[in-house]
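J.: Before I ask anything, here is the structure I am working with.
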Amino acid sequence: MPGVQCISFTPQLDNEAVMLMEIDPSLLDYLMVGDSLVVRGEKSDQAVLCTKDQTYDIREAETSNTLLMMPEFDFPSELESHSEPVILHRTVQAMKHEYYELRKTKPRLKRLRELLQENVYSGWECEGEEEHQGKKYTYEELSETIQASEVELLQGLHDLPACLIDGYWRMLDFEFCSKVLESLLALKDSESWDFDEIPAKACCDLLADIYPKNVIQHVLECYGEKKEREKTQASDADDENVLYKIKEDNVCRYYAELLLRPVEKFNLQEFENVWQLAVPDSFKTSLYQLEGLALVDRDSTPQIIRYYPHTDLPDDASDRFNALFQTKERWSLDEITPYIKDLVTEKLKVGTLLNKYARSSTQNGIKVYNSRKPVA
């Protein structure tokens, strides 16, 4: 006959000693092979749980049933048969009515930009200046405070973009980055290189007295696309064969930002004329290159354009839409999409976000969106 389990309660239940978390099969497999899950966040943050490449919101949930926590307990199929009646004593150590559930979420990277802006890099000669004495951050320090997985944090650093300088992740000061890019474009002209084939090593060698090698490579990464050329017997080292194709859209976007940053607004027609004159002769400017960087007001007379980078907006979806509708009462789909597309997930598409936070109407034959609630 099977044994009988007699359940009793310890005199002092320690309900706070145990925390329950519901995980899906993929996370269970992740743990079973020996990988780690990390809880990230400061005391004031809503905690998240991270794998190597994914971030999860941790939400508390309740159950109507009481869950009994016991170090040992056998299910009926696990009980051994005995010739004589056997009583197995099981002790309840804790009782729970709540558990934690996980939901995939976007990494929270707003703080990453804020931290790296404490001490932007403006070149060797500026490192001793008072304004460049703010804290600098290693990857390990950032991973302790940024609510993102390892893969997402590295991608976030790439997207900022940030550069690894002397072991610290730094954002480049915009004016300094401008000087590096202008130097590269001037070097391209003086060396008669094609925009499709800018040799990385030659750039680093020729500009070595002015800029660090990794800064030059970083700017090439920001404004170009890496490609490899065939190795030769005379030159078989990897860095000898790295070429960059300069991205026309990225360079045009840079010149637009250079023009828009210092002014509150710009006459659109005048801006387009000056912008086209500013870029290299073979490049063609277009307003689509400014998605998420600038806003055009076609209702004003004359039409104007102004600097409005998406990076200045809040990470939280509700706060994001509130900020957008404070800036502009009505948005077309093409106008608003660049400012909300980073909120999109597998289950939360642009249309879903607009249905939740905005209401649509038609203006001059164009579908536009305004806020569902009063704008704070």
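Position one of the sequence shown corresponds to residue 136 (this note's numbering), numbered consecutively onward. Glycine included, every Cβ here is placed at the ideal spot set by N, Cα and C.
Taking 8 Å as the limit between beta carbons, can you name the residues of its chain near Ser143, skipping five residues before and five after?
T.: His224, Arg225, Thr226 and Val227, listed in sequence order.
J.: For Leu250 versus Ala283, is the C-beta distance shorter than 9 Å?
T.: No, they are not a contact pair.
J.: So what does Ser192 bridge to, in DSSP terms?
T.: First, the residue type needs correcting, since residue 192 is Asp and not Ser in the sequence shown. BP columns for Asp192 point to Val183 and Arg238.
J.: Which first and last residues belong to the alpha helix (DSSP H) in which Cys261 is found?
T.: Element bounds for Cys261: n/a, residue is neither H nor E.
J.: Bridge partners of Trp328, per DSSP?
T.: Partner(s): none; Trp328 has no beta bridge.
J.: In chain order, what residues of the same chain lie with their CB nearer than 7 Å to the CB of Val409, ignoring the 5 residues before and after it?
T.: The answer, listed in chain order, is Leu394.
J.: Run through DSSP, which three-state label would Gln404 get?
T.: Helix.
J.: When you compare only the Cα positions, how much space is there between Arg246 and Ser216?
T.: Roughly 60 Å between the two C-alpha positions.
J.: Where does Thr110 sit, in a helix, a strand or coil, going by DSSP?
T.: There is no way to answer for residue 110, as the model of the chain reaches only from 136 to 511.
J.: Taking the C-alpha atoms as reference points, what is the distance between Met306 and Tyr492?
T.: C-alpha separation (whole angstroms): 33 Å.
J.: Based on Cα-Cα distance, which residue from Glu392, Trp466 and Tyr235 lies nearest to Thr198?
T.: With distances taken between Cα atoms, Thr198 lies closest to Tyr235.
J.: Any contact of the stretch 453 to 473 with the stretch 491 to 510, i.e. 3+ C-beta pairs under 8 Å?
T.: Enough Cβ pairs lie closer than 8 Å, so yes.
J.: Would you kindly check if the distance between the Cβ of Gln461 and the Cβ of Val510 is under 9 Å?
T.: Yes. Within cutoff.
J.: Here's the rule: buried if 16 or more other CB atoms are within 10 angstroms of the residue's CB, otherwise exposed. What is Glu287?
T.: By the neighbour-count rule (16 or more Cβ atoms within 10 Å), Glu287 is buried.
J.: Buried or exposed for Arg494, please, with buried defined as at least 16 other CB atoms from any protein chain shown within 10 angstroms of its CB.
T.: Arg494 should be labelled exposed.
J.: List the DSSP bridge partners of Pro415.
T.: BP columns for Pro415 are empty, so no partner.
J.: In whole angstroms, give me the CA-to-CA distance for Asn376 and Cys357.
T.: C-alpha separation (whole angstroms): 19 Å.
J.: For Thr367, which residues of its own chain have a beta-carbon under 6 Å away from its beta-carbon, when the five flanking residues on both sides are left out?
T.: Confidence at Thr367 is low in this model, with a pLDDT of 46, below 50, so its placement is unreliable and the value that follows should be read with caution. Nothing listed; no residue qualifies.
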